Every structure is written in C-alpha cells, then in structure tokens.
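Trainee:
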C-alpha cells in the first residue's frame with residue numbers, strides 16, 4: 001500500500017491552506033502592523049471596559065456639552081444662565097416683599113410722628129402746653145426714627161441669614177430650590193458651609209456699594225467664564241459651582 005496512492009484516503013496529504021487564511025494547527029502570526037484581536041473575558045490592561053466611559057478627573061468638562069464631573073456627585077449637568085438668573089429674580093422678589101413690609105412699618109411710625117407735630121399747630125406758641133406738645137412730638141419722632149433704623153438693620157440681617165445660611169447648609173435659596181439648582185463645593189460636591197456661603201454672599205454686597213453696578217457685574221460674571229463651568233467671580237472665590245438637581 002502506497003501512501004502516495006490517490007485511491008487510498010488515509011494516505012492523501014492535506015491540501016495546503018489558501019494564501020492569506022490561517023491554516024490548521026498553530027495560529028499564524030498576525031501581519032505586521034495589525035494589532036491582535038482581543039478575546040473574550042476581562043479587558044486587557046490599558047483597555048476600556050466594554051461599553052464603558054473612561055473615568056474623568058473631577059471638574060472635567062465633557063466636550064463642553066453642559067455636563068461636568070464633580071467629586072462625590074459624579075456627572076452632573078450645569079444649568080443655563082437663564083435658569084440661574086430666574087432663580088435670582090425669584091429671590092429678589094421674595095426679598096423685595098420683605099423689604100416693603102419692613103419699610104411700611106417704619107413709614108407708618110414716621111407719619112404718626114408727623115401727625116403729632118401737626119396736632120400742636122393749633123396751640124398758642126407761647127403757652128407751656130405748646131412747648132410740652134412739641135417736646136412729646138419730637139421725642140416720638142426720634143423714637144420712630146430709631147425704630148425705623150432698627151427695622152432696616154433687622155432687614156439687613158434677615159437677608160444676610162437668608163442668603164448666607166441657606167446656601168451654607170442647604171446649598172440653595174428659595175429661588176434655586178424652585179428651579180432645581182444647587183450650589184456645591186467644586187472639589188467635594190458638598191454644601192459650601194459657613195465660610196464658602198459667606199464669601200459667596202459678601203462679594204456681590206461689596207459690589208453693591210458702587211451704585212449696585214458691581215453686584216450686577218458679579219451676577220453676570222458667569223457669562224465671562226471661559227472654562228465652560230459658568231462660575232461667577234463669587235463662585236471662584238468661594239470654590240463653588242452651581243449644578244442642576246432636576
């Protein structure tokens with residue numbers, strides 16, 4: 001029996017594999033310049049997980065698409081400036097109503113003191129009763145003025161506590177809560193705390209002494225932020241950032 005006999009099926013030699021295709025037995029070496037294909041199982045070192053997104057460092061803007069990675073929060077969305085200004089407008093209306101109430105109380109006292117002075121006008125200017133009436137009216141007016149100044153000081157403290165403490169411990173005022181915004185520390189994702197809340201509040205207040213133009217510029221300063229994070233000057237000083245919660 002000849003192994004070269006064409007009629008012997010056991011002695012036939014295997015035909016050579018077509019050129020360019022792997023043959024039987026050991027795997028062929030991959031062509032030069034073509035990386036080997038990975039098999040199934042766990043990804044190799046340096047490869048990304050299947051279907052996953054590469055992790056980003058905190059504070060990284062994702063292709064300027066309105067999302068940012070914040071430590072402790074993960075990927076969150078940045079609000080538009082229209083939403084932020086809308087929240088500021090709601091806060092302004094709330095504070096304005098409070099200011100109107102306090103002002104009305106103070107003005108009512110001033111008008112009452114003025115009426116007391118008018119009541120003395122029908123008396124004889126040389127009479128002791130007239131002098132006593134004027135003394136009482138002036139004392140009442142002085143007391144009303146002091147009361148008015150005290151009310152304005154109380155109003156200032158209320159606005160301070162409203163903006164400062166709510167941002168410090170809740171991360172949001174009523175306006176921000178209504179529009180789904182929150183102020184967080186950029187490096188931790190936590191509430192700003194007393195220090196961060198105070199810094200964020202005091203900078204617009206200092207700007208308000210310049211005919212309120214400085215405060216307006218502070219609130220509009222996120223428009224000038226070229227980092228894509230929409231951080232205002234007060235946010236940069238306090239190390240905070242505004243994010244959406246809903």
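Numbering (UniProt numbering), first residue to last: 1 to 246.
Note that beta-carbon positions come from the ideal geometry of N, C-alpha and C, so glycine has one too.
The structure displayed is predicted, hence computed values, not measured ones.
1) By DSSP, does residue 181 sit in helix, in strand, or in coil?
2) Based on Cα-Cα distance, which residue from 213, 81, 94 lies nearest to residue 173?
3) Would residue 170 pass as a contact of residue 196 if the rule is Cβ separation under 8 Å?
4) In the DSSP assignment, what are the bridge partners of residue 213?
5) If you draw a straight line from the C-alpha of residue 101 to the C-alpha of residue 74, how long is it?
6) Within 10 angstroms of its Cβ, does residue 91 collect 16 or more other Cβ (buried), or is it exposed?
7) For the alpha helix (DSSP H) containing residue 196, name the first residue and the last one.
8) Counting C-beta neighbours from all protein chains within 10 Å, is the total for residue 206 16 or more, i.e. buried, or is it exposed?
9) Are residue 203 and residue 183 touching if we call contact CB-CB under 8 Å?
10) Under 8 Å Cβ to Cβ from residue 87, same chain only, skipping five residues before and after it: list those, please.
11) Are residue 186 and residue 70 close, meaning C-beta to C-beta below 8 Å?
12) Distance check for residue 164 and residue 156, CA to CA, integer angstroms please.
13) Return helix, strand or coil for residue 229, following the three-state DSSP convention.
14) For my contact list, residue 243 and residue 235 are in at a C-beta cut-off of 8 Å; report their separation, rounded to the angstrom.
15) Give me, in chain order, the residues of the same chain whose beta-carbon lies closer than 6 Å to that of residue 215; leave out the 5 immediate sequence neighbours on both sides.
16) Using only the alpha-carbon positions, how far apart do residue 232 and residue 158 sit?
17) Comparing C-alpha positions only, which one of 192, 188, 105 sits nearest to residue 151?
18) Checking the sheet assignment: what are the DSSP bridge partners for residue 242?
19) I need the straight-line Cα distance from residue 98 to residue 153, nearest angstrom please.
20) From 221, 212, 239, pick the residue whose C-alpha is nearest to that of residue 200; which is it?
21) Given a cut-off of 8 Å on the beta-carbon distance, is the pair residue 84 and residue 222 in contact?
22) Assign residue 75 to one of three DSSP states: helix, strand, or coil.
23) With the cut-off set at 8 Å, would you say residue 220 and residue 78 are in Cβ contact?
24) Is it true that the CB of residue 188 sits closer than 8 Å to the CB of residue 66?
25) Quick one: residues in its chain with C-beta nearer than 6 Å to the C-beta of residue 166, no 5 flanking neighbours on either side, listed in chain order?
Mentor: According to the structure data:
1) In the structure shown, residue 181 sits in a strand (DSSP, three-state: E or B).
2) Considering only alpha carbons, the answer is 94.
3) Taking 8 Å as the Cβ cut-off, residue 170 and residue 196 do not qualify as a contacting pair.
4) Within the DSSP secondary-structure output, residue 213 pairs in no beta bridge.
5) When rounded, the distance between both Cα atoms is 43 Å.
6) Result: buried.
7) Unbroken alpha helix (DSSP H) run through residue 196: 193 to 208.
8) Looking at its Cβ environment, which holds fewer than 16 other Cβ atoms inside 10 Å, residue 206 is exposed.
9) No, the pair does not count as a contact, with Cβ atoms beyond the cut-off.
10) The residues 173, 175, 176, 178, 179, 181, in chain order, have a CB closer than 8 Å to that of residue 87 in the same chain once the five nearest residues on each side in sequence are set aside.
11) Between residue 186 and residue 70, the CB-CB gap stays under 8 Å.
12) Distance between the alpha carbons of residue 156 and residue 164 is about 12 Å.
13) DSSP places residue 229 in coil when its eight states are reduced to three.
14) With 8 Å as the limit, residue 243 and residue 235 do not qualify as a contact, their Cβ atoms being about 11 Å apart.
15) Closer than 6 Å at the Cβ level, and outside the excluded window around residue 215, lie 204, 207, 208.
16) Rounded to whole angstroms, the separation of the alpha carbons of residue 158 and residue 232 is 24 Å.
17) Out of 192, 188, 105, 105 has the C-alpha closest to the C-alpha of residue 151.
18) 183.
19) When rounded, the distance between both Cα atoms is 13 Å.
20) Nearest C-alpha to residue 200 among 221, 212, 239: 239.
21) Their beta carbons are under 8 Å apart, which means residue 84 touches residue 222 by this criterion.
22) If DSSP states are grouped into helix, strand and coil, residue 75 belongs with the strands.
23) No, these two residues do not count as a Cβ contact at 8 Å.
24) Contact: no.
25) Taking residue 166 as the centre and dropping the five residues before and after it, the same chain places the C-beta of 173 closer than 6 Å to its C-beta, in chain order.
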